[in-house]
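Below: the structure, in structure tokens.
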Amino acid sequence: MKKLVTLIALLGFTSWSFAEESADLGLDYGDFTSMTLQVKAWDALGEGQYEDAVKYTEKCTQLYEKKAREMQASLSSKPSSDVVNDYWALNDVGTCYFIRGEALTKLRQYKEALAAYKVVKDELYYSQCWDPKGWYWSPSDAAYPKVEMLEARINGDF
Amino acid sequence: MYRVTIGFIIASLLSACAVNRPGDHDAAPGSVVQVVKQSDGTFTLLRNGEPYQVKGAGTGGGPSLGGGSLQLLAESGGNSIRTWGVEQLEHLVDGKPLIDRAHDLGLSVTAGFWVQHTRHGFDYSDPASIGSQRASLREAVRKYRDHPALLAWGLGNEMEAFGPGEPDVRIWQELNHLAGIVKQLDPHHPVVTVVAEVNEPKITAIRAHYPNLDILGVNAYGSASSVGTRLVKMGWHDPYLLTEFGVAGTWEGASTPWGAPIEPDPTTKALETYTVYKIDRDDNLGRSLGSYVFFWGHKQEATATWFGMFLPTGEKLPRVDAMAYAWSGKWPDNRAPKLLSLETPVAFQRVKTQSSSYAQVDCLDREGDALRYVWDIRAESSDRKIGGDAEAAPQSFGAAIEAGQGTARIEFKVPNRVGAYRVFVTVYDGHGGATAHNLPFFAED
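In order, the protein sequences belong to chains A and B.
The working numbering puts the first residue of the first sequence at 1, with every later residue one more than the last.
The working numbering puts the first residue of the second sequence at 159, with every later residue one more than the last.
This is the structure in structure tokens:
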């Protein structure tokens, strides 16, 4: 009996792992760098592939959140533009939490979106994101009105 | 009585350091409005000696206002309106000129004076044109300076240049001259000048060339909630009004591949409007003197419902309720219907001309009112303008609706002409409330 339970558990774990791997196989994570994952998440968001956008951000946070938090903890103010790229993990993971908030909002998963926005607003608030127009912006600052809006949506009668 | 006396003494003391300057008009004014700098560096707007936070809406008069909505503004907790041109003050509302009707309802008025735009062909190097504009301003100030509803002079709206070039300094110099005229003729009302968003060159130019300005007015949409913090970063520590805000603009959000801006759903628009108001009010105490939501009326801009808070027939849309909640802390007794979903397989798609499809809407009415559904299929707007200039409504293809008009689901045929379209639904509660939404699609052979 014990062997049977072990076998079922093993089969269950194997199939779960395979399913997870299959889900991953559906997406191209490129070179798995935080920058690549962030760019792919933005692209998916822009193309309306919201589930994919969430997966890219999850891969990024899975791989780099620990490093991002170390960088955040080492700072006492927003890095200036000459050193901002030294904080690559913080920037990419913070941005990915913002993108996740955007994508989950589109998917009407409002509580989950709120949680994502709150991470970048309250915990990774020194992250910055490069705008191709030529400047850095703050995902934390951008998340602030989103948090207010989602809290009103969830708790208010809109 | 004691409170009144203390209030008067405080107001008198505060008025000693008022920003407004003395002028040549000594007749008893209908109202006295001052911007007062406090000892801690913050600012207070005083209207007849009482602190006054603007809870306003941009509106006009005439057909675009929407029936009865000025009264609804007052009932919703609003206390002020803003216009763009002085001629709007005479537009009839409920049988009276707008400024008089506003006063009847206890609403103050920031009276707009339309300062001409170079993009409309005005030449700020032409003395005759400049002289004519100055004469018009003098006439307007003399006419309305003693009206008790007058709160401030709105000198210009987005008159700075659009596009890559920064505005010519002559516009700021001329505004400074115009503000001087106002101050000379009417020392009892501050001058507001309204710009389109803010950036450092603009703020620097205003600082350098426009010292007569009392209150900076800022029109902002997608980034409106951060205007206050961005102004501080740009070195603007003086008072401001958020003179237009609401939903992200047609130029700021997502578009279809064929360039049709995607209108947010009405609930999101209500939330966005409410959130901007709340953040601006709560995070900028003593610098933001209040705000004017845009637009308390009906306006065609990209779509018929993007910015307008009313239907042309006068029904309020959900953003009106959101502002009532923001201003008063209470929801109105009768809420506009809530749109839960609008679906059609053609949404955001390229589809064959003459192909069959459907659309369906799910709506909730909190009071249980019977809902009436009106559907339309319209061409994408081909009369797009910038800066809020008037646009023509696009052509309707209502005949494409084959079944279900008046119900929550229609069957329709994609129009025979190649091009961009939208399917619109408007849902009425029969008690003055409505909601509306649309989804774009593209018909191709």
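Cβ coordinates follow ideal geometry from the N, Cα and C atoms, glycine included.
Every value quoted in this text rests on a predicted model; they were computed, and no experiment measured them.
| Item | Value |
| --- | --- |
| Of all Cβ atoms in chain A, is any one closer than 8 Å to the Cβ of residue 290 of chain B? | no |
| Under 8 Å, Cβ to Cβ, is there at least one residue of chain A near residue 600 of chain B? | no |
| Is residue 354 of chain B helix, strand or coil when you go by DSSP? | strand |
| Mind checking the region 404–438 of chain B against chain A and listing, in chain order, the residues whose C-beta falls within less than 9 Å of any C-beta there? | 412, 425, 426, 428, 429, 430, 432, 433, 434, 436, 437 |
| For the alpha helix (DSSP H) that contains residue 439 of chain B, what are its first and last residues? | 424–441 |
| Would you check if the region 430–450 of chain B and the region 568–576 of chain B touch, i.e. whether three or more CB-CB distances between them fall below 8 Å? | no |
| Using a Cβ-Cβ distance cut-off of 8 Å, determine whether residue 489 of chain B contacts chain A. | yes |
| Is residue 179 of chain B helix, strand or coil by DSSP? | Residue confidence is low: residue 179 of chain B scores 45 on pLDDT, short of 50, so the model does not pin down where it sits. Its coordinate-derived value is still stated next. Residue 179 of chain B: coil per DSSP, three-state reduction. |
| What whole-angstrom Cβ distance do residue 128 of chain A and residue 91 of chain A have, given they're in contact under 8 Å? | 5 Å |
| I'd like to know whether the C-beta of residue 384 of chain B is nearer than 8 Å to at least one C-beta of chain A. | yes |
| Name the DSSP bridge partner or partners of residue 332 of chain B? | Bridge partners of residue 332 of chain B: none, in fact. |
| Would you mind sorting residue 474 of chain B into buried or exposed? The rule is 16 or more other CB atoms within 10 Å of its CB. | buried |
| Determine contact between the region 400–410 of chain B and the region 450–470 of chain B, defined as no fewer than three beta-carbon pairs at a distance below 8 Å. | yes |
| Exposed or buried, what is residue 357 of chain B when buried is set at 16 or more other beta-carbons lying within 10 Å of its beta-carbon? | exposed |
| Can you check DSSP and say which residues form a bridge with residue 595 of chain B? | B/583 |
| Is it true that the CB of residue 583 of chain B sits closer than 8 Å to the CB of residue 516 of chain B? | no |
| At least one CB of chain A closer than 8 Å to the CB of residue 269 of chain B: is that the case? | no |
| With DSSP run on the structure shown, which of helix, strand or coil describes residue 569 of chain B? | strand |
| Going by beta-carbon coordinates alone, are residue 436 of chain B and residue 148 of chain A separated by less than 8 Å? | yes |
| Here's the rule: buried if 16 or more other CB atoms are within 10 angstroms of the residue's CB, otherwise exposed. What is residue 366 of chain B? | exposed |
| What separation, rounded to the nearest whole angstrom, lies between the Cα atoms of residue 509 of chain B and residue 600 of chain B? | 6 Å |
| DSSP three-state label for residue 387 of chain B, please. | helix |
| Only counting runs of 4 or more residues, tell me where the alpha helix (DSSP H) segments fall wholly within the region 217–257 of chain B, in order along the chain. | 227–233 |
| On the three-state DSSP scale, how would you describe residue 510 of chain B? | strand |
| Do the region 224–242 of chain B and the region 261–278 of chain B make contact, defined as three or more Cβ pairs closer than 8 Å? | yes |
| List the residues of chain A that residue 480 of chain B touches, going by C-beta distances under 8 Å, in chain order. | 158 |
| Give the range of the alpha helix (DSSP H) segment to which residue 479 of chain B is assigned. | 476–486 |
| Taking the alpha-carbon of residue 465 of chain B as reference, which of B/594, B/448, B/555, B/513 has the nearest alpha-carbon? | B/594 |
| For residue 259 of chain B, I'd like the list of residues in its chain whose CB is within less than 7 Å of its CB, leaving aside the five on either flank, ordered along the chain. | 228, 251, 252 |
| What number of angstroms, rounded off, separates the C-alpha of residue 591 of chain B from the C-alpha of residue 359 of chain B? | 43 Å |
| How about residue 152 of chain A: is its C-beta nearer than 8 Å to some C-beta of chain C? | The structure shown contains no chain C; its protein chains are A and B. |
| Measuring CB atoms only, is the region 370–379 of chain B touching the region 331–348 of chain B, in the sense that at least three cross pairs come out at less than 8 Å? | yes |
| Taking 8 Å as the CB-CB limit, is residue 149 of chain A close to chain B? | yes |
| Give a yes or no on whether the C-beta atoms belonging to residue 586 of chain B and residue 529 of chain B are separated by under 8 Å. | yes |
| Does the pairing of the region 532–539 of chain B with the region 563–574 of chain B give three or more beta-carbon distances under 8 Å? | yes |
| With DSSP collapsed to three states, give me the class of residue 55 of chain A. | helix |
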